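Quick note: the sequence shown uses our numbering, first residue 1109, plus one each step.
Heads up, the beta-carbon is just placed ideally off N, CA and C, and yes, glycines get one too.
If you're wondering where the values come from, they're calculated on a predicted model, not measured in any experiment.
Report on the following structure.
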Amino acid sequence: MSDCIFCKIAAKEIPASVVYEDEKVLAFKDINPAAPVHVLVIPKQHFSSAMDIGEKDADIIAHIFKVCQKLAVDLGIADRGFRIVNNCGQDGGQTVGHIHFHLLGGRNLGWPPG
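This is how it looks when you write it as structure tokens:
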């Protein structure tokens, strides 16, 4: 999607503070962090939301979670705990129309979240 900000970040048209990249995903620091560690993990392929993930695409979600595990270790938040969040749709708090996962940690993350 040419007007999607996350597609532009994945295509390196917009700069980001990248912490991980492979052929399927890109992970970068959130520009408005809600925790000491706040990374966004996105698939390079455009999916508008979790509702767009079909059975043939389900492997991307497993891959994203494996990347989140690796990043949690690399960023020093694995031992004390972290949160992986996906917001879906307007009422779910999704503000960018490209599926993405927030990896948050580095402080106590209270519950309920919002």
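Spatial neighbours of leucine 1212 in its own chain (CB-CB distance under 7 Å, excluding positions within 5 residues in sequence) are listed in chain order as Ala1142, Ala1143, Val1145, His1146, Phe1190, Arg1191, Val1193. For lysine 1132, no alpha helix (DSSP H) encloses it, and the DSSP letter there is neither H nor E. In this structure leucine 1134 touches alanine 1118 by the C-beta definition: roughly 5 Å separates them, less than 8 Å.
Isoleucine 1122 and asparagine 1216 have their C-alpha atoms spaced approximately 32 Å apart. In the structure shown, valine 1204 falls within a coil segment according to DSSP collapsed to helix, strand and coil.
Rounded to the nearest whole angstrom, the CA to CA distance from glutamine 1202 to isoleucine 1113 is 14 Å. The beta carbon of lysine 1152 lies closer than 7 Å to those of Ala1118, Lys1132, Val1133, Leu1134 in the same chain, with the five residues before and after it left out. Within the region 1132-1217, the complete alpha helix (DSSP H) segments of 4 residues or longer fall at 1167-1182, listed in chain order.
The C-alpha of isoleucine 1139 lies about 13 Å from the C-alpha of valine 1127.
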